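Worksheet for the structure shown next.
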Amino acid sequence: MKYLKTIIILTVSVMSLFSCRDDDKEPEMIYIEDSPALEQITIKELMQDDGGPVTREENFYYNEEHKLVRYVSTQIYGDPVIENETQITYLENEAIIIDELNNKSIYTLNAKGYATSCIRYEVGGNTREYTFDYSTNTLNGAYLTGITEYVKGNIRSKIMFDNLALHDATLSVQSGDITNIFQLSFTQKNTSRLPWFFLTEIYPLNFHAIAMYARLLGDNPMYLLGTVQPKGGDEITTYTYANDTAGQLSSYTEITRSNGKSYNRIINYIVTLAQ
């Protein structure tokens, strides 16, 4: 009986050991490919306004160190042309972005050049603070996994990514007491490694669109969006892409279907690689 008891104890101990090993299993590491060095990006979109067609153009200019240093946005309403310029400067562990309204965003950078925090000083006197989180299961770089916005010391909004390094991901957007969850699927390789338009337009990341093109918020995804679908809703947005002869992104078409209606959007790109 004594031997039987010993065998049972040993068996339970071995099972517990292997159970702990399964629970503590290291996550699969994802290798992030190098991003191409850029010289300039031009983005154009023709939109319809109440007063007629509007052409929007954005230009991103990179220096010889392949850092984004200048951004110019232009809107053409027939004859009137509205042009705004944003400057980006870099210090030892900071990047400073000042837009045409003189709103100033100061990013604190880590050793890899990724922003860990940001303070945004707005002309009206408001101050917004942000913290950024990055993936720990990636090699040769990192993806943004979270952004938290603070106003007067309180959390105003929060975005969290799950599985951005894989082929399907979840995006959680919290604003006040409301949380929206989006299911994302990916499609072809993001050869130009540009930010997703979807992310540059969603609050509060829309305040950091230029920082994403400057690659201050981690590496841009290796794959392009295929679909975006809010959880629990019937709306779905699909994306299709075209590349130029050099293999760089030249356009994408966005189609949103909701309540039996569809809305189309076409964005054109010119991506100039550094020589």
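So in UniProt numbering, spot 31 of the sequence shown is number 31, and the numbers just go up one at a time.
All C-beta atoms in this analysis are idealised placements derived from N, C-alpha and C, irrespective of residue type, glycine included.
These numbers were taken from a predicted model, which means no experiment stands behind them.
Within 8 Å, strictly: CB atoms of Ser250 and Asn264: no
Compute the Euclidean distance between the alpha carbons of Arg257 and Ile236, then round it to the nearest angstrom. 6 Å
For the region 214-221 against the region 190-202, are there 3 or more C-beta pairs whose distance is under 8 Å? Result yes; three or more Cβ-Cβ pairs closer than 8 Å.
Measuring only the C-alpha atoms, how far is Ile181 from Asp133? Spanning the two alpha carbons is a distance of roughly 18 Å.
Could you compute how far the alpha carbon of Thr179 sits from the alpha carbon of Leu273? 39 Å
So, helix, strand or coil for Asn220, using DSSP? Asn220 falls in the coil class under three-state DSSP.
Which partner residues of Ser172 appear in the DSSP bridge assignment? Met160, Ile181
Check the C-beta distance from Thr42 over to Glu57 and give it rounded, since I have them as a contact under 8 Å. 7 Å
Here's the rule I'm using: 16 or more other beta-carbon atoms within 10 Å means buried, otherwise exposed. How should Ile210 be labelled? buried
Compute the Euclidean distance between the alpha carbons of Asn206 and Tyr130, then round it to the nearest angstrom. 13 Å
What did DSSP end up calling Leu199 once you bin it into helix, strand or coil? DSSP places Leu199 in helix when its eight states are reduced to three.
Using 8 Å as the threshold, is the C-beta distance between Thr89 and Ile96 below it? yes
For Ile155, tell me which candidate among Glu201, Ile76, Gln174, Gly113 has the shortest Cα-Cα distance. When only C-alpha atoms are compared, the closest one is Gln174.
If you run the structure through DSSP and keep just helix, strand and coil, what is residue 353? This structure cannot settle anything about residue 353, because the visible part of the chain is limited to 1 through 275.
Could you check which residue in Tyr203, Ile202, Met212 has the C-alpha nearest to that of Tyr143? Met212
Cβ-Cβ distance between Ser117 and Thr127 below 8 Å: Not a contact, by the Cβ cut-off of 8 Å.
Mapping DSSP to helix, strand and coil, what is Arg21? Only weak support exists for where Arg21 lies, its pLDDT of 42 falling under 50; the coordinates are left without a value.
Local Cβ density within 10 Å of Gly141, reported as buried at 16 or more and exposed below that: Looking at its Cβ environment, which holds 16 or more other Cβ atoms inside 10 Å, Gly141 is buried.
If we ignore side chains and look at the alpha-carbon of each, how far apart do Glu92 and Leu38 end up? The alpha-carbon atoms of Glu92 and Leu38 are separated by roughly 22 Å.
Host alpha helix (DSSP H) of Ala214 (start-end): No alpha helix (DSSP H) holds Ala214; DSSP gives it neither H nor E.
Considering only the beta carbon of each residue, do Glu122 and Ile106 sit closer than 8 Å? no
Limits of the unbroken beta strand (DSSP E) element including Tyr62: Looking at the DSSP string, the run of the beta strand (DSSP E) that includes Tyr62 is 52-62.
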